[in-house]
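Chains as they are written, first to last, in this note's numbering: chain A, 238 to 741; chain B, 238 to 741.
We put the CB at the ideal spot given by N, CA and C, even for glycine.
Worksheet: one structure, shown below.
There are 2 protein chains.
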Amino acid sequence: MENKAERISLLDEYERMGEPDEEALRAELKEERAKLAGYQTRIKEAGLPVMVILEGFGAAGKGSVLGRIIKNIDPRFFRVRTMDPPTKEEKRYPFLHRYLKDIPEAGKFTFFDNYWMAEVTECLFSGNLSEEEYRKRVGSINRTERSLTDNGYLVMKFFFDISEKEQHKRLKHLREDRNTRWRVSKRDLHENDNYEEYRAGYGRYLSDTNRSAAPWYVVEAGDRKWAELQVLRFLNQGIETALKNHAMAVPIRQNVFPLKKIPLLQDISLADKTLTEEEYKEKLEKLQEELADLHNEIYRRKIPVIIAYEGWDAAGKGGNIKRVAAALDPRGYEVHPIASPEPHEKARHYLWRFWTRLPKDGHIAIFDRTWYGRVMVERLEGFCSENDWQRAYNEINEFEKELTDWGAVVIKFWVQIDKDTQLTRFTERQNTPEKQWKITEEDWRNREKWDQYEEAVNEMLQKTSTETAPWVVLESNDKKYARIKALETIVEALKKACKERENG
Amino acid sequence: MENKAERISLLDEYERMGEPDEEALRAELKEERAKLAGYQTRIKEAGLPVMVILEGFGAAGKGSVLGRIIKNIDPRFFRVRTMDPPTKEEKRYPFLHRYLKDIPEAGKFTFFDNYWMAEVTECLFSGNLSEEEYRKRVGSINRTERSLTDNGYLVMKFFFDISEKEQHKRLKHLREDRNTRWRVSKRDLHENDNYEEYRAGYGRYLSDTNRSAAPWYVVEAGDRKWAELQVLRFLNQGIETALKNHAMAVPIRQNVFPLKKIPLLQDISLADKTLTEEEYKEKLEKLQEELADLHNEIYRRKIPVIIAYEGWDAAGKGGNIKRVAAALDPRGYEVHPIASPEPHEKARHYLWRFWTRLPKDGHIAIFDRTWYGRVMVERLEGFCSENDWQRAYNEINEFEKELTDWGAVVIKFWVQIDKDTQLTRFTERQNTPEKQWKITEEDWRNREKWDQYEEAVNEMLQKTSTETAPWVVLESNDKKYARIKALETIVEALKKACKERENG
Numbered sequence: 238m239e240n241k242a243e244r245i246s247l248l249d250e251y252e253r254m255g256e257p258d259e260e261a262l263r264a265e266l267k268e269e270r271a272k273l274a275g276y277q278t279r280i281k282e283a284g285l286p287v288m289v290i291l292e293g294f295g296a297a298g299k300g301s302v303l304g305r306i307i308k309n310i311d312p313r314f315f316r317v318r319t320m321d322p323p324t325k326e327e328k329r330y331p332f333l334h335r336y337l338k339d340i341p342e343a344g345k346f347t348f349f350d351n352y353w354m355a356e357v358t359e360c361l362f363s364g365n366l367s368e369e370e371y372r373k374r375v376g377s378i379n380r381t382e383r384s385l386t387d388n389g390y391l392v393m394k395f396f397f398d399i400s401e402k403e404q405h406k407r408l409k410h411l412r413e414d415r416n417t418r419w420r421v422s423k424r425d426l427h428e429n430d431n432y433e434e435y436r437a438g439y440g441r442y443l444s445d446t447n448r449s450a451a452p453w454y455v456v457e458a459g460d461r462k463w464a465e466l467q468v469l470r471f472l473n474q475g476i477e478t479a480l481k482n483h484a485m486a487v488p489i490r491q492n493v494f495p496l497k498k499i500p501l502l503q504d505i506s507l508a509d510k511t512l513t514e515e516e517y518k519e520k521l522e523k524l525q526e527e528l529a530d531l532h533n534e535i536y537r538r539k540i541p542v543i544i545a546y547e548g549w550d551a552a553g554k555g556g557n558i559k560r561v562a563a564a565l566d567p568r569g570y571e572v573h574p575i576a577s578p579e580p581h582e583k584a585r586h587y588l589w590r591f592w593t594r595l596p597k598d599g600h601i602a603i604f605d606r607t608w609y610g611r612v613m614v615e616r617l618e619g620f621c622s623e624n625d626w627q628r629a630y631n632e633i634n635e636f637e638k639e640l641t642d643w644g645a646v647v648i649k650f651w652v653q654i655d656k657d658t659q660l661t662r663f664t665e666r667q668n669t670p671e672k673q674w675k676i677t678e679e680d681w682r683n684r685e686k687w688d689q690y691e692e693a694v695n696e697m698l699q700k701t702s703t704e705t706a707p708w709v710v711l712e713s714n715d716k717k718y719a720r721i722k723a724l725e726t727i728v729e730a731l732k733k734a735c736k737e738r739e740n741g
Numbered sequence: 238m239e240n241k242a243e244r245i246s247l248l249d250e251y252e253r254m255g256e257p258d259e260e261a262l263r264a265e266l267k268e269e270r271a272k273l274a275g276y277q278t279r280i281k282e283a284g285l286p287v288m289v290i291l292e293g294f295g296a297a298g299k300g301s302v303l304g305r306i307i308k309n310i311d312p313r314f315f316r317v318r319t320m321d322p323p324t325k326e327e328k329r330y331p332f333l334h335r336y337l338k339d340i341p342e343a344g345k346f347t348f349f350d351n352y353w354m355a356e357v358t359e360c361l362f363s364g365n366l367s368e369e370e371y372r373k374r375v376g377s378i379n380r381t382e383r384s385l386t387d388n389g390y391l392v393m394k395f396f397f398d399i400s401e402k403e404q405h406k407r408l409k410h411l412r413e414d415r416n417t418r419w420r421v422s423k424r425d426l427h428e429n430d431n432y433e434e435y436r437a438g439y440g441r442y443l444s445d446t447n448r449s450a451a452p453w454y455v456v457e458a459g460d461r462k463w464a465e466l467q468v469l470r471f472l473n474q475g476i477e478t479a480l481k482n483h484a485m486a487v488p489i490r491q492n493v494f495p496l497k498k499i500p501l502l503q504d505i506s507l508a509d510k511t512l513t514e515e516e517y518k519e520k521l522e523k524l525q526e527e528l529a530d531l532h533n534e535i536y537r538r539k540i541p542v543i544i545a546y547e548g549w550d551a552a553g554k555g556g557n558i559k560r561v562a563a564a565l566d567p568r569g570y571e572v573h574p575i576a577s578p579e580p581h582e583k584a585r586h587y588l589w590r591f592w593t594r595l596p597k598d599g600h601i602a603i604f605d606r607t608w609y610g611r612v613m614v615e616r617l618e619g620f621c622s623e624n625d626w627q628r629a630y631n632e633i634n635e636f637e638k639e640l641t642d643w644g645a646v647v648i649k650f651w652v653q654i655d656k657d658t659q660l661t662r663f664t665e666r667q668n669t670p671e672k673q674w675k676i677t678e679e680d681w682r683n684r685e686k687w688d689q690y691e692e693a694v695n696e697m698l699q700k701t702s703t704e705t706a707p708w709v710v711l712e713s714n715d716k717k718y719a720r721i722k723a724l725e726t727i728v729e730a731l732k733k734a735c736k737e738r739e740n741g
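Following this line, the structure appears as structure tokens:
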């Protein structure tokens, strides 16, 4: 950490507003409250999701200001979330998981009383987290907030600032009343005893996470009405701006992730990728046994595994997944079939339904279709704007980086067949009563767009085959070949991960 | 507990099937597996939700049989859930909460590897739970399973039985391998050391929860293939029967809950229930202060509170809730606006979306419209069958009993206005731009059905005003009066609950 003088200055650098006199304050409060109430319908109509994050010193009055602010909003339009320290169970997921679970849906507010600041800055005080981990988490937060704001979220961040003396007074007052004593935690007392150190840490955190699209607002919280007014002023300004800018295009960022070379679909040879029934059976049995053992080992080592399947309709994803799953202990994996999003999913960030489906450590999640829908079906069917899917390559690379940084093994399969093989399989499904449920009108419509899909898939493979989460093509004109290759890939990846864990 | 001889006999009483020879077993296994695979589409089409519960001795091979069985089912149609002992966080909800969270949706399976048996029988062994608590939980389970099967769920329950010797051998084997050692818990060892006692306890539990609509099947689990076949046989039989009986009417049960007298809507006088602005302001301030203090107290005492609002459109529910919420700490309550169910909600038991929205202990959940939709809008619009809503009175009484048994304060408000007042308010909303979002075509359509609604509401009030969760009518022609009455009711109920906790 830097020297004390410098540390203190970071939090003090934020511009403070002049506090109006009592009468002016009352008048303005009334006005701003009415303004917020008036925004509700417009927010609803514009489908603007609003995240309001309240951080600050213990006993700075976040709760009480929050209580006043939500009085202006219909309960149908907001939720309040209080973040406690992570439970043992929550620690089995990526750091961001429990925070992203509760992001608002389009047209609604979520107010967070405490968000990820506490968990991230803790390391600056307790030493439980390394400096490296702190930087990593700050990076995660900045990328995540950008992904949220780029995807139309309004993210408003407030830091409630009070002096050491004021905090001391309030904590004492709370502790004297039997009904409010529980509100004072050990951490609050520790914070007050080491006020300057915490102030420096918070200042650094604010500075590290201050972004133009989601800046920090430091609120002087000595007086509650004044604090409320400051929040209302900024919040209303933020909403006004967001409503004006809604659906504005966002710059596409340059790729920063090392990519792995991957061939274009048209250059992948399929005809020579076959196995005899005999070879297949022999390899299948051996690989499934190996995988079963490895499943135990990754459970023991608490390694999370994410296996993603994409591919043409009738390419054989289902049967492939079945052969993988057959080797796994049902208590340690889950298959997530991904169809078009349900209304409550569509109303949130497009990665939300994947964040909430991540495996816990030691477990395996298999996705039958994935977050890549954004740059395939959503792109081609116009379910999102061009700017949206153009931006998604980077957002997805970042999402996967988050997973591999967490320690997850990420395996991505593209199951490849040629157009003739698809036709043969479609026709067979159509003619076999037990398989008819597998083939729909939509499949035939998608087939007509084969060339457009091929272009989109090629772009996707080129742009998202990162070194940490590369695509693997499964040549599946012969399904047996594809199954064995999938199993081999998984076995190899898990072996490697277990070995690294042994050495690391 | 009864004497040992009697205890042992309970688990042994179940009929055992003769094990076929190896060849016959293989042949039948193949047949039964194919049968299960074939049922998938029919289950999907019939919208049959299937719960498969696997209980039994530790190391009885539930996991491995489960692994084989799900191989026959497409991953799109099933999920597997493993229940661990409850976490600290989970213990803050009603006992059933974490179990009901994962019930399957229509047309799909959920397989539970362990369900609520462990948590319930624990008391029989460890003495952490009293005999009384055991009986209470068994009652909860039986009522819940009935509510599930009555609402079209197929609930299949298997108990995996192995001998003391066999268990001992398996545990030893598992512990010798580094990769499987973690599978053996202290509890497993304790179980084996006290095999007879556990056997007796499980026997009693099975007998206590053996119901005609969801009977227990005891599976001889000494040999894995044979165990698999037994499960498949029963499961396939169960599915076949359920598919045949689907949408069959279920007997309506007689009410067993003491009811509180409540007047018919037409006998409620409204004109005399008014307050002057002055009285209102004075009382409001006083009551909100009291409520704020009580909110702290119920938090401290960990009392969960559920406040349910039903009433005519434009009766003033929203404004009423606002006055209550204004007194509460936003970190300790949540308002749940209930609209028509989303697809993933409609696909489950109609109470599921309420189970998953319950408050944790010390918190308040306010429902703006509730589970009573079943016997009002769903009844009148034909969204459920007559048998469904007829049965719902009892199901709801049981649901609420579950909540009050848990220790929750349940307050139910019917917000009453007369037809003329509604018209005045509708017209005002229509003519006020900021309020137009509050009035829809549907509101006008509902108004046309006023008489039918009145009949349904009267029936609802009469049948569900139980002594533990009575309805309170809020006369709301004068909204001020209704708000004060709501606050008074809540304050009184919370005071009473706090006092009881003090004495109890």
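*Any C-beta of chain B under 8 angstroms from that of A/A562*: In the first sequence, counting from the first residue as 1, residue 562 of chain A sits at position 325. Judged by the 8 angstroms Cβ criterion, A/A562 is in contact with chain B.
*chain A contact residues for B/P286, given Cβ-Cβ distances below 8 angstroms*: Here the question's residue 286 of chain B lines up with position 49 in the second sequence. Here the premise fails: no neighbours, minimum Cβ distance about 17 angstroms.
_In whole angstroms, give me the CA-to-CA distance for A/L337 and A/A602._
Within the first sequence, numbered from 1, the residue matching residue 337 of chain A stands at position 100. Within the first sequence, numbered from 1, the residue matching residue 602 of chain A stands at position 365. Their Cα atoms are separated by approximately 18 angstroms.
*Return no unless some Cβ of chain B is closer than 8 angstroms to the Cβ of A/K308.*
Taking the first sequence and counting its residues from 1, the one referred to as residue 308 of chain A is at position 71. True, the Cβ-Cβ gap to chain B drops below 8 angstroms.
*Is it buried or exposed for B/R244, if we count other Cβ within 10 angstroms and need 16 for buried?*
Position 7 of the second sequence, counted from the first residue, corresponds to residue 244 of chain B. The predicted model places B/R244 with a pLDDT of 43, which falls under 50 and marks its position as unreliable; any figure quoted below should be read in that light. Per the 10 Å Cβ criterion, buried.
*Quick one: what's got a C-beta closer than 6 angstroms to A/Y432's C-beta in the same chain, skipping five residues either side?*
The sequence position of residue 432 of chain A within the first sequence is 195, counting from 1. These residues qualify, in order along the chain: E401.
*Hey, B/V289 and B/M393 are a contact pair by Cβ (cut 8 angstroms); roughly how many whole angstroms apart?*
Here residue 289 of chain B is taken as the residue at index 52 of the second sequence, counted from 1. Here residue 393 of chain B is taken as the residue at index 156 of the second sequence, counted from 1. That pair is a contact at about 5 angstroms.
*So with Cβ pairs under 8 angstroms, would you call B/I558 a contact of chain A?*
Against the second sequence, residue 558 of chain B aligns to sequence position 321. So yes, B/I558 belongs to the interface.
*A/G755 touches chain B at which residues, Cβ-Cβ below 8 angstroms?*
The question about residue 755 of chain A has no answer, for chain A in this structure spans 238 to 741.
*Taking B/L595 as the query, report the chain A residues whose CB atoms sit under 8 angstroms from its CB, ordered along the chain.*
Here residue 595 of chain B refers to the residue found at position 358 of the second sequence. Result: empty, since nearest Cβ-Cβ is about 15 angstroms, beyond 8 angstroms.
*asked:* Short of 7 angstroms in beta carbon distance, which residues of its chain neighbour A/R305, apart from the five on each side in sequence? Order them along the chain.
replied: Position 68 of the first sequence, counted from the start, is the residue given in the question as residue 305 of chain A. If we look at A/R305 and ignore the five residues flanking it on each side, its Cβ neighbours are E465.
_Contact residues within the region 532-559 of chain B, judged by C-beta distance below 8 angstroms to chain A_ = N533, E534, Y536, R537, G555, I558, K559
*For the region 330-344 of chain A, enumerate the residues whose C-beta is nearer than 7 angstroms to any C-beta of chain B, in chain order.*
none
*Span separating the alpha-carbon of B/P567 from that of B/Y536*: As a first step, residue 567 of chain B is located in the second sequence; it is residue number 330 there, counting from the start. As a first step, residue 536 of chain B is located in the second sequence; it is residue number 299 there, counting from the start. Each residue's Cα considered, the two are about 12 angstroms apart.
*One or two residues paired with A/F362 in a DSSP bridge*: Translated into positions along the first sequence, residue 362 of chain A becomes position 125. Answer is none; A/F362 lacks a bridge partner.
*How would you list, in chain order, the residues of chain A whose beta-carbon sits under 8 angstroms from the beta-carbon of B/H581?*
In the second sequence, the residue the question calls residue 581 of chain B occupies position 344. Within 8 angstroms Cβ-Cβ: E579, H581.
*For B/V728 and B/E527, the rounded distance between their alpha carbons*: Numbered from 1 along the second sequence, position 290 holds the residue referred to as residue 527 of chain B. Numbered from 1 along the second sequence, position 491 holds the residue referred to as residue 728 of chain B. Those two C-alpha atoms are separated by around 7 angstroms.
*Could you tell me whether the Cβ of B/T278 comes closer than 8 angstroms to any Cβ of chain A?*
Translated into the one-based positions of the second sequence, residue 278 of chain B becomes position 41. Yes, because at least one Cβ of chain A sits closer than 8 angstroms to the Cβ of B/T278.
*Using a Cβ-Cβ cut-off of less than 7 angstroms, list which residues of the region 309-324 of chain B approach chain A; keep chain order.*
D311, P312, R313, R316, V317, T319, T324
*Using alpha carbons as the reference points, say which of B/Y690, B/S506, B/V561 lies closest to B/D550.*
Walking along the second sequence from the start, residue 550 of chain B turns up at place 313. Checking every option, the nearest Cα to that of B/D550 belongs to B/Y690.
_Buried or exposed (CB count within 10 angstroms, at least 16 for buried), A/W185_ = The shown model of chain A, from 238 to 741, leaves out residue 185 of chain A, and the question about it has no answer.
*For A/G438, decide whether its Cβ has a neighbour in chain B, counting only Cβ atoms nearer than 8 angstroms.*
Locating residue 438 of chain A in the first sequence gives position 201, counting from the first residue. Not one chain B Cβ lies under 8 angstroms of A/G438.
*Report all residues from its chain with a CB closer than 8 angstroms to the CB of A/E368; omit the five preceding and five following residues, and keep chain order.*
In the first sequence, counting from the first residue as 1, residue 368 of chain A sits at position 131. Cβ within range, chain order: C360.
_Just to make sure I have the definition right: I need the residues of chain A whose C-beta is within less than 9 angstroms of the C-beta of B/D445. Which are they?_
As a working mapping, residue 445 of chain B is identified with position 208 in the second sequence. Neighbours of B/D445 on chain A: none; closest Cβ ~27 angstroms, over 9 angstroms.
*DSSP state of A/P322 mapped onto helix, strand, coil*: Taking the first residue of the first sequence as position 1, residue 322 of chain A is located at position 85. Reduced to three states, the DSSP call for A/P322 is coil.
*If you draw a straight line from the alpha carbon of A/G556 to that of B/V375, how long is it in whole angstroms?*
Position 319 of the first sequence, counted from the start, is the residue given in the question as residue 556 of chain A. Position 138 of the second sequence, counted from the start, is the residue given in the question as residue 375 of chain B. Taking the straight line joining both Cα atoms gives about 42 angstroms.
_Checking 8 angstroms against the spacing of the C-beta atoms, do A/F397 and A/A552 come in under that value?_
In the first sequence, residue 397 of chain A corresponds to position 160, counting from 1. In the first sequence, residue 552 of chain A corresponds to position 315, counting from 1. Cβ distance not < 8 angstroms, so A/F397 and A/A552 don't count as in contact.
*Return the residue from the list B/P341, B/K717, B/K299, B/K732 that minimises the CA-CA distance to B/E516.*
Against the second sequence, residue 516 of chain B aligns to sequence position 279. B/E516 has its Cα closest to that of B/K717, out of B/P341, B/K717, B/K299, B/K732.
*Between which two residues does the beta strand (DSSP E) harbouring B/E252 extend?*
Locating residue 252 of chain B in the second sequence gives position 15, counting from the first residue. Run containing B/E252: none; DSSP gives neither H nor E here.
_Helix, strand or coil, according to DSSP, for A/R773 in the structure here?_
Limits of chain A in this structure are 238 at one end and 741 at the other, which puts residue 773 of chain A out of reach.
_Alpha-carbon to alpha-carbon, A/V694 and B/A271_ = On the second sequence, residue 271 of chain B is found 34 positions in, with the first residue counted as 1. On the first sequence, residue 694 of chain A is found 457 positions in, with the first residue counted as 1. Rounded to the nearest angstrom, the two C-alpha atoms are 36 angstroms apart.
*If you measure from the beta carbon of B/E571 to each beta carbon in chain A, is any gap under 8 angstroms?*
The count along the second sequence starts at 1 and reaches residue 571 of chain B at position 334. B/E571 counts as touching chain A.
*Taking buried to mean at least 16 other C-beta atoms within 10 Å of its own C-beta, is B/L443 buried or exposed?*
One-based indexing of the second sequence puts residue 443 of chain B at position 206. Classification for B/L443: buried.
*With a 10 Å radius around its C-beta and 16 neighbouring C-beta atoms as the bar for buried, classify B/W589 as buried or exposed.*
Here residue 589 of chain B is taken as the residue at index 352 of the second sequence, counted from 1. Buried is the call here.
*According to DSSP, which residues form a beta bridge with A/R316?*
As a working note, residue 316 of chain A is residue 79 in the first sequence. For A/R316, which the question treats as bridged, DSSP gives the partners A/T347.
*Take A/P495 and list the residues in its own chain whose beta-carbon comes closer than 6 angstroms to its own, dropping the five residues that flank it on each side.*
To locate residue 495 of chain A, count along the first sequence from 1; it is residue 258. Closer than 6 angstroms at Cβ, skipping near neighbours: E704.
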